[in-house]
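Asks:
Numbering (the numbering used here), first residue to last: 52 to 143.
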């Protein structure tokens with residue numbers, strides 16, 4: 052199976068009631084790697100929970116059944132304290 056194209060993904064905190072993160076924090080994933088130079092810190096518990104949506108964005112899947120709307124996925128951490136916007140970055 053060939054899942055192409057493999058896109059860079061941006062994860063942005065859009066709402067936050069957690070002391071560990073703040074609104075506007077971003078994480079960038081390029082392929083399977085976190086771009087630590089461009090990224091803010093992220094909670095590993097939240098990242099693990101939202102990772103299925105990261106993979107769908109990474110491989111260009113756009114499904115309303117998975118909450119895809121207005122060019123991104125909107126998902127919450129398990130504790131419902133942080134909302135994330137997950138989108139593929141369109142490279143030129």
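Ideal Cβ placement from N, Cα and C applies to all residues, glycine included.
Would you report the Cα separation of residue 128 and residue 61, rounded to the nearest angstrom?
Replies: Taking the first residue of the chain shown as 1, we reach residue 128 at position 77. Taking the first residue of the chain shown as 1, we reach residue 61 at position 10. Answer to the nearest angstrom: the Cα atoms are 16 angstroms apart.
Asks: Distance check for residue 116 and residue 58, CA to CA, integer angstroms please.
Replies: Counting from one through the chain shown, the residue named residue 58 turns up at place 7. Counting from one through the chain shown, the residue named residue 116 turns up at place 65. Straight-line Cα distance between these residues: approximately 21 angstroms.
Asks: Is residue 132 helix, strand or coil by DSSP?
Replies: For the purposes of this step, residue 132 is taken as the residue at position 81 of the chain shown. In the structure shown, residue 132 sits in coil (DSSP, three-state: anything other than H, G, I, E or B).
Asks: Grab me the residues of residue 144's own chain with a C-beta within less than 7 angstroms of its C-beta, minus the 5 sequence neighbours each way, in chain order.
Replies: Residue coverage of the chain in this structure runs from 52 to 143, which leaves residue 144 outside it and unanswerable.
Asks: Tell me whether residue 80 is buried or exposed, calling it buried when 16 or more other Cβ atoms sit within 10 Å of its Cβ.
Replies: Looking up residue 80 in the chain shown gives position 29. Label assigned to residue 80: buried.
Asks: Given a cut-off of 7 angstroms, decide if residue 126 and residue 72 are closer than it, judged by their beta-carbon atoms.
Replies: Translated into the one-based positions of the chain shown, residue 72 becomes position 21. Translated into the one-based positions of the chain shown, residue 126 becomes position 75. No, the pair does not count as a contact, with Cβ atoms beyond the cut-off.
Asks: If you drop the 5 nearest sequence neighbours on each side, which residues of the same chain put their C-beta closer than 6 angstroms to that of residue 89?
Replies: The sequence position of residue 89 within the chain shown is 38, counting from 1. The residues are 79.
Asks: Under a CB-based cut-off of 7 angstroms, is residue 131 close to chain C?
Replies: In the structure shown, chain C cannot be found, because there is only a single protein chain.
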